[in-house]
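Residue numbers are given in the working numbering: position 354 of the sequence shown equals residue 441, and the series is strictly consecutive.
Written below as structure tokens is the structure these notes are about.
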Amino acid sequence: FPSHDTLELYQYSNFLKGNDFQIASQIASKVSFESFREFSYSDVAVGEEVFASVLRATLRGTVEDTPEIREHVKRYLISGILMVRVLQRAFKALKPDRIVGVHGVYITHGIMVKVANKLQIPVIVYGMPYRKGTLWFSHGASYHRTLLNEPPSYWNQPKLSPQQEEQVLLYLQSRQSGGRDYVSYHPNPIEDVDFILDSLKIDNSRKIISVYTNVIWDAQIYYNFNVFKDIFEWLFLTIEELAQNSNVWVVIRIHPAEVKGSFPTSQPFLSEIKKRYPVLPDNIRVISPESDLSSYTLAQISNAAIIYGTKMGLEIASRSIPVVVCGETFNRGKGFTIDVESKHQYIAILKNISNLSPLDKSSKDLALAYAYYLF
88 FPSHDTLELY QYSNFLKGND FQIASQIASK VSFESFREFS YSDVAVGEEV
138 FASVLRATLR GTVEDTPEIR EHVKRYLISG ILMVRVLQRA FKALKPDRIV
188 GVHGVYITHG IMVKVANKLQ IPVIVYGMPY RKGTLWFSHG ASYHRTLLNE
238 PPSYWNQPKL SPQQEEQVLL YLQSRQSGGR DYVSYHPNPI EDVDFILDSL
288 KIDNSRKIIS VYTNVIWDAQ IYYNFNVFKD IFEWLFLTIE ELAQNSNVWV
338 VIRIHPAEVK GSFPTSQPFL SEIKKRYPVL PDNIRVISPE SDLSSYTLAQ
388 ISNAAIIYGT KMGLEIASRS IPVVVCGETF NRGKGFTIDV ESKHQYIAIL
438 KNISNLSPLD KSSKDLALAY AYYLF
């Protein structure tokens, strides 16, 4: 800014009134713990941001009914109600032409987006995606939702040129070690197929089905296509169904960010699996989050991959491997995945999963076109 200009600073307290906290506390006290996720205040879906914020604060994938968690929920409900009251007053007083915020989820930023949308003020959400030196911007929502709902015309026309296809393939190849990305969980991945098979105590006598988890607390907000209560219900159903198929090896790859990310989870997948299955079925294997066994090499030797919400589904599909999408991810609905919309359908898919064929050229081309658009 030129030296003679001043950027005026406002605080939330500028728009609070003396009885706001009392009002917010009274309203929050009437919201039951069992239904807080569906709570709305002043036509703003506060509860889903409370839910996401509690998961992030506790670094868990489920909200347990404990005194500590109930206190978290109560305090986030109060904060969410206060955010709605403050932001509605602030936006009406300041009359912004545009609002810009980061990532667009959780109590502060998620409610900011919702209030802006309610008041019909254009809102732009920015964040750091994957490739170094890049930013992304979405309009009216966080990228988590924008990427789910964008029209296909944004990315599937026209067909990639040979140069564009080569560019995206080279980038996708680089993601195995992450050299061109902001974050890399496997700077020295183990890619030797024989070593991986030997480590997992499996062989080529059966088809391999790989199952990929995601960080269970990260941006867990409510979507329209939730089939499962949570990611654990999905995983346990997957194990129970595939354990009955003696023609496949099932390899569950736990997301490395559980231990290698900025905020290690306090609800590790491996512990939850062991709690449910003290002895795993004979055909089930688990790769721990600490392991440097390459997730990409595992996908490459798999007959099919199953994901919940991980972003990796796109990269797997770009290698012509069929991907079954069970949760909420931008891979869903793009034409290159098998999208689960009911438990009955999912069980039927699992029973036939060893017979899935590699992606045909048109489906792979769609995956590459979307990868080019995204990255």
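All C-beta atoms, glycine included, are put in the ideal place defined by N, C-alpha and C.
Give me the residue from Asn-236, Leu-380 and Ile-434 with the minimum Cα distance to Asn-332. Taking the sequence shown and counting its residues from 1, the one referred to as residue 332 is at position 245. Selected option, being the one with the closest Cα: Ile-434.
Use the C-beta contact count for Glu-377: other C-beta atoms within 10 angstroms, 16 or more gives buried, fewer gives exposed. Residue numbering aside, residue 377 sits at position 290 when the sequence shown is read from its first letter. By the neighbour-count rule (16 or more Cβ atoms within 10 Å), Glu-377 is not buried but exposed.
Please say whether Gly-134 and Ile-318 have beta carbons closer to each other than 7 Å? Position 231 of the sequence shown, counted from the first residue, corresponds to residue 318. Position 47 of the sequence shown, counted from the first residue, corresponds to residue 134. Using a Cβ distance threshold of 7 Å, Ile-318 and Gly-134 do not count as a contacting pair.
Would you mind listing the beta strand (DSSP E) stretches within the region 202-251 that are 3+ residues and don't spill past its ends, in chain order? Segments of the beta strand (DSSP E) lying fully in the region 202-251: 210-214 and 223-226.
Would you call Asn-418 buried or exposed, if buried means 16 or more other Cβ atoms sit within 10 Å of its Cβ? As a position in the sequence shown, residue 418 is number 331, starting the count at 1. Buried, by the Cβ-count rule.
Count Cβ pairs between the region 143-162 and the region 350-359 that sit closer than 8 Å; are there 3 or more? Counting Cβ pairs under 8 Å, three or more are found: they touch.
For the beta strand (DSSP E) holding Val-412, just list the boundary residues, first then last. The residue you call residue 412 lines up with position 325 of the sequence shown. Unbroken beta strand (DSSP E) run through Val-412: 410-412.
For the 8 Å Cβ check, are there 3 or more pairs between the region 325-339 and the region 420-432? Too few Cβ pairs lie closer than 8 Å, so no.
What are the start and end residues of the alpha helix (DSSP H) that includes Lys-448? Here residue 448 refers to the residue found at position 361 when the sequence shown is read from its first residue. Here the alpha helix (DSSP H) through Lys-448 covers 448-461.
Please say whether Ser-297 and Ala-386 have beta carbons closer to each other than 7 Å? The sequence position of residue 386 within the sequence shown is 299, counting from 1. The sequence position of residue 297 within the sequence shown is 210, counting from 1. Contact: yes.
Cross-strand partners of Arg-372 (DSSP beta bridge): Mapped onto the sequence shown, residue 372 falls at position 285. According to DSSP, Arg-372 bridges with Val-338.
What three-state label does DSSP hand Val-189 in the structure shown? Numbered from 1 along the sequence shown, position 102 holds the residue referred to as residue 189. It is a strand residue.
In the structure shown, what three-state DSSP assignment does Gln-260 receive? As a position in the sequence shown, residue 260 is number 173, starting the count at 1. Three-state DSSP puts Gln-260 in a helix.
What is the DSSP secondary structure of Val-298, reduced to helix, strand or coil? In the sequence shown, residue 298 corresponds to position 211, counting from 1. Of the three classes helix, strand and coil, the one that applies to Val-298 here is strand, per DSSP.
Give me the residue from Asp-184, Asn-439 and Thr-195 with the minimum Cα distance to Phe-138. Numbered from 1 along the sequence shown, position 51 holds the residue referred to as residue 138. For Phe-138, the nearest C-alpha among the options comes from Thr-195.
Does the separation of the CB atoms of Ile-165 and Ala-115 fall below 7 Å? Sequence index remark: in the sequence shown, residue 165 carries index 78 (1-based). Sequence index remark: in the sequence shown, residue 115 carries index 28 (1-based). Against a cut-off of 7 Å, the Cβ pair of Ala-115 and Ile-165 comes out as a contact.
Proximity to Gly-420 [Cα-Cα], best of Leu-181, Glu-237 and Asn-439: Translated into the one-based positions of the sequence shown, residue 420 becomes position 333. It is Glu-237 whose Cα lies nearest to the Cα of Gly-420.
Candidates Leu-437, Ile-277 and Asn-390: closest to Ile-374 by CA position: Position 287 of the sequence shown, counting from 1, holds the residue named residue 374. Cα-wise, what sits closest to Ile-374 is Ile-277.
Does the Cβ-Cβ distance between Tyr-459 and Gln-251 come in under 7 Å? Taking the sequence shown and counting its residues from 1, the one referred to as residue 459 is at position 372. Taking the sequence shown and counting its residues from 1, the one referred to as residue 251 is at position 164. In contact: Tyr-459 and Gln-251 (Cβ atoms closer than 7 Å).
Excluding the five sequence neighbours on either side, which residues of its own chain have a C-beta within less than 8 Å of the C-beta of Gly-400, listed in chain order? By 1-based counting over the sequence shown, the position of residue 400 is 313. The residues are Tyr-299, Ala-392, Ile-394, Val-410, Val-412, Thr-416, Asn-418 and Thr-424.
Please classify Ala-519: is it buried, with 16 or more other beta-carbons within 10 angstroms of its beta-carbon, or exposed? With the chain covering 88 to 462 only, the question about residue 519 has no answer from this structure.
Out of Gly-191, His-226, Val-210 and Ile-168, which has the shortest C-alpha to C-alpha gap to Asp-184? Against the sequence shown, residue 184 aligns to sequence position 97. Each of Gly-191, His-226, Val-210 and Ile-168 was checked against the Cα of Asp-184, and the nearest Cα belongs to Val-210.
Quick check on Ile-326: does DSSP put it in helix, strand or coil? In the sequence shown, the residue the question calls residue 326 occupies position 239. In the structure shown, Ile-326 sits in a helix (DSSP, three-state: H, G or I).
Taking Ala-132 as part of the alpha helix (DSSP H), name the residues at either end of that continuous run. As a first step, residue 132 must be located in the sequence shown, where it is residue number 45. No alpha helix (DSSP H) holds Ala-132; DSSP gives it neither H nor E.
For Val-212 and Ile-198, the rounded distance between their alpha carbons: In the sequence shown, residue 198 corresponds to position 111, counting from 1. In the sequence shown, residue 212 corresponds to position 125, counting from 1. Each residue's alpha carbon lies about 12 Å from the other.
Opposing strand residues paired with Asp-426 [DSSP bridges]: The residue given as residue 426 occupies position 339 in the sequence shown. Paired residue(s): Val-412.
Once you ignore the five residues that flank Leu-443 on each side, which residues in its own chain have a CB closer than 6 Å to its CB? Residue 443 sits at position 356 when you count from the first residue of the sequence shown. Within the same chain, Leu-443 has close Cβ partners Ala-391 and Pro-409.
Tell me which residues share the same chain as Ser-271 and place their Cβ nearer than 6 Å to its Cβ, disregarding the 5 neighbours each side in the sequence. As a working note, residue 271 is residue 184 in the sequence shown. Sequence-distant Cβ neighbours of Ser-271 in its own chain, meaning closer than 6 Å and more than five residues away, are Gly-265.
Check whether the region 215-222 and the region 165-183 touch, using three or more Cβ-Cβ pairs below 8 Å as the test. No: the two stretches stay apart, fewer than three of their Cβ pairs being nearer than 8 Å.
State the DSSP-derived secondary structure class of Ile-198, mapped to helix, strand or coil. On the sequence shown, residue 198 is found 111 positions in, with the first residue counted as 1. Correct three-state label for Ile-198: helix.
In angstroms with no decimal places, state the Cα-to-Cα distance between His-342 and Glu-402. Sequence index remark: in the sequence shown, residue 342 carries index 255 (1-based). Sequence index remark: in the sequence shown, residue 402 carries index 315 (1-based). Computed Cα separation, rounded: 15 Å.
Which value, in whole angstroms, describes the spacing of the CA atoms of Leu-247 and Pro-216? If you number the sequence shown from 1, residue 247 lands on position 160. If you number the sequence shown from 1, residue 216 lands on position 129. Their backbone Cα atoms lie some 22 Å apart in a straight line.
Top-ranked residue by Cα proximity to Ile-110, from Tyr-128, Pro-274 and Asn-101: What you label residue 110 is simply residue 23 of the sequence shown in a count that begins at 1. Residue Tyr-128 is the option with its Cα nearest to Ile-110.
Check Ile-393 in the structure and name its three-state DSSP category. Within the sequence shown, numbered from 1, the residue matching residue 393 stands at position 306. Here Ile-393 sits in strand by DSSP.
With H, G and I counted as helix, E and B as strand and the rest as coil, what does DSSP make of Asp-290? Your numbering for residue 290 matches position 203 in the sequence shown. Look at Asp-290 here: in three-state DSSP terms it is coil, with no helix or strand label.
For Gly-105, does the count of other Cβ atoms within 10 angstroms reach 16, so buried, or fall short, so exposed? The residue given as residue 105 occupies position 18 in the sequence shown. Gly-105 is classed as exposed because its beta carbon has fewer than 16 other beta carbons within 10 Å across all chains shown.
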